[in-house]
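Here the protein sequences come in this chain order: A and B. Read in our numbering, the first sequence has 31 at position 48, and its numbers run on one by one without any break. Read in our numbering, the second sequence has 26 at position 43, and its numbers run on one by one without any break. Report on one structure; see the data block that follows.
There are 2 protein chains.
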Amino acid sequence: MMVPASSREPRYAQVAADLRASIKAGEFGEGAQLPTETMLCARYGISRFTVREALRRLQAEGLISRRRGSGSIVSGATQRLRQPLSDLGELLQYAADSQFSFEDRGLVTLTGARAEELGVVDGSPWHHLYGLRRISPGGAAIAATDVYIHPDLSGHVPALKTGPLTLFKQLGELGGFRIGQVIQNINAAAAGSQEALALGIPRRAPVLRIVRIYRDERGRIVEISVSSHPAELFTYSMHIDRS
Amino acid sequence: MMVPASSREPRYAQVAADLRASIKAGEFGEGAQLPTETMLCARYGISRFTVREALRRLQAEGLISRRRGSGSIVSGATQRLRQPLSDLGELLQYAADSQFSFEDRGLVTLTGARAEELGVVDGSPWHHLYGLRRISPGGAAIAATDVYIHPDLSGHVPALKTGPLTLFKQLGELGGFRIGQVIQNINAAAAGSQEALALGIPRRAPVLRIVRIYRDERGRIVEISVSSHPAELFTYSMHIDRS
DNA sequence: CCCGCAAATTTGTCCGGACTTCTTGCGGTG
DNA sequence: CACCGCAAGAAGTCCGGACAAATTTGCGGG
């Protein structure tokens, strides 16, 4: 009703987007109560099922919290200060807010501990890229990243462009598949000498290392990235809600 | 029907638990296809709504992946090797698999950068505990943890017990409230001299630092914990699924 | 034997309704 | 004034049905 939108995306997503925009525009301040489910049904002219699906998304994003018998209230701003990256959209958005420049390093073979760490079969070949991520094109690097791309997609590597688009998204469009799942493994490590040089930090300084394994809808590994962030510059934040 | 169970928990949760047990018992191997939604409806004598809610939970846990037109398949075991801790149950379970011993350090006042890091008001008082987490009672420490408890709950601190139960769960039972939300902030840091000593690692060695802010259902901060894990011993793993 | 199209299968979206459980506020009672 | 119980309100659970979109399967033709 009040949400024309692309109509190619489901109704609940349109409603969620509309409510999200309202909240971010300040229409509902921190701690304010959202309209009840019944009221939203009337307002958008949709069933309660669709309203609940939309609210479920917002809750998963940490934007609202809901309590039986009480209502839905907007979560405090402090609770969503930092990068959540807990859903696919946010993960892609984070990448869009920064610039990734890389160079092609050709085929490599992953073996031994390195293969096990990345969860690939020992001795398998991968196409290796190396690059730096920055907030602004001229600024300091916030991460040094090794990327390993499945050799079946090697042909598309020359077409990959530096910029705000994620490599995964570009690969998906070039190869004709969609993102299915991302697994993130996070741990601490001491910076290697190359990393330290690239990031401008002392050798063996602590870094946050994030290994992301990207799979398509069939569960096949398409891309693996290993990012090292200087300890002071990066905090990974996430929330867990009841139910 | 086939799931008697406590009946105090919703039907979809019982079905989810039953399917989870079947999968972990090996009834459906890695990559195997689960019965279709219609079949599960018949098998449990429930509506498709309830089946879908159960499957939604399993998908959120990363146990299965689903594709329109294709079915639900059991995710690979390699995808759930490490600690996910992406839902409340898993977070509590992780704690239950280890032992936390602590000592009471009385009231402290959090100020300045420390207060900001933990997301509390500058100068507010908190009840401070300090302890070590181990896999087995005699083994090496896997984490050094500072815990800050809201002063309103100070009276319950003497009743807290060392062991597998989480402090939060104990506090909830003592204070008569339930868990609502947990926020986790993860970053890398260099071990301080006290941490290094307690964990048996070199000073300034990299550690994974996890700050967890526990809130009750009303959104009030009840407990904050700051855990430092030796880099080699701990990897935080999580998955993100489409939709 | 391979390709393309149609049909069957399976999950995704959406509706309307009913009942349950929890919260909140109101008013009556002691 | 403090306490208790009750009623209204709100989200949670569950049902049955319908259609849509994506995938797989099988059939028929080349």
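C-beta: ideal position from N, C-alpha, C; glycine also.
Here B:G146 has Q82 as same chain residues with Cβ atoms under 7 Å from its own Cβ, once five neighbours each way along the sequence are excluded. For a Cβ distance threshold of 9 Å, nothing in chain B lies close to A:D105: the least Cβ distance comes to about 13 Å. Rounded to the nearest angstrom, the Cβ distance from A:L101 to A:I207 is 5 Å, consistent with a contact under 8 Å. Proximity of A:T218 to chain B, defined by a Cβ-Cβ separation below 8 Å, is satisfied. Relative to the Cα of B:R97, the nearest Cα in the group B:G89, B:S107, B:E(-8) and B:L182 belongs to B:S107. Within the stretch 127 to 142 of chain B, no residue has a Cβ lying closer than 7 Å to any Cβ of chain A. At a cut-off of 8 Å between beta carbons, B:M221 contacts chain A. With respect to chain B, the C-beta atom of A:A179 has no partner C-beta closer than 8 Å. Annotation: A:G155 to A:G52 spans about 44 Å, alpha carbon to alpha carbon. Contacts between B:V209 and chain A, judged by CB atoms closer than 8 Å, are missing: the closest CB pair is about 13 Å apart. Between the stretch 183 to 203 of chain B and the stretch 164 to 174 of chain B there are three or more inter-stretch CB-CB distances shorter than 8 Å, so the stretches are counted as touching. The alpha-carbon separation between B:T19 and B:T33 amounts to approximately 13 Å. Residue contact with chain B for A:D224: present (Cβ-Cβ distance below 8 Å to some residue of chain B). By the C-beta criterion, the stretch -10 to -2 of chain B is judged not to be in contact with the stretch 208 to 223 of chain A, since fewer than 3 inter-stretch pairs fall below 8 Å. Within chain B, the residues whose beta carbon sits less than 9 Å from that of A:G202 are G14, S48, I56, S58, G59 and Q62, listed in sequence order. With contacts defined as CB atoms closer than 8 Å, B:G163 and A:R225 qualify as a contacting pair. When the Cα atoms are used, B:G14 and A:T128 turn out to be separated by approximately 31 Å. Here B:I204 is near B:R198, since their CB atoms are less than 8 Å apart. Within the stretch 154 to 170 of chain B, R161, I162, G163, Q164, V165, I166, Q167, N168, I169 and N170 place their CB atoms closer than 9 Å to a CB of chain A, listed in sequence order.
Relative to A:L182, the option among A:A124, A:V(-2), A:A214 and A:R201 whose CA is nearest is A:A124. For B:S5, the enclosing alpha helix (DSSP H) starts and ends at R(-6) to K7.
At a cut-off of 8 Å between beta-carbon atoms, B:A37 makes no contact with chain A. With a 10 Å radius around the Cβ and a threshold of 16 neighbouring Cβ atoms, A:R88 comes out exposed.
Within the model, the alpha-carbon separation for A:S176 versus A:L136 is close to 31 Å. Contact between B:S58 and B:L46 holds: CB atoms are separated by about 6 Å, below the 8 Å threshold. With a threshold of 8 Å between beta carbons, A:A214 makes contact with chain B.
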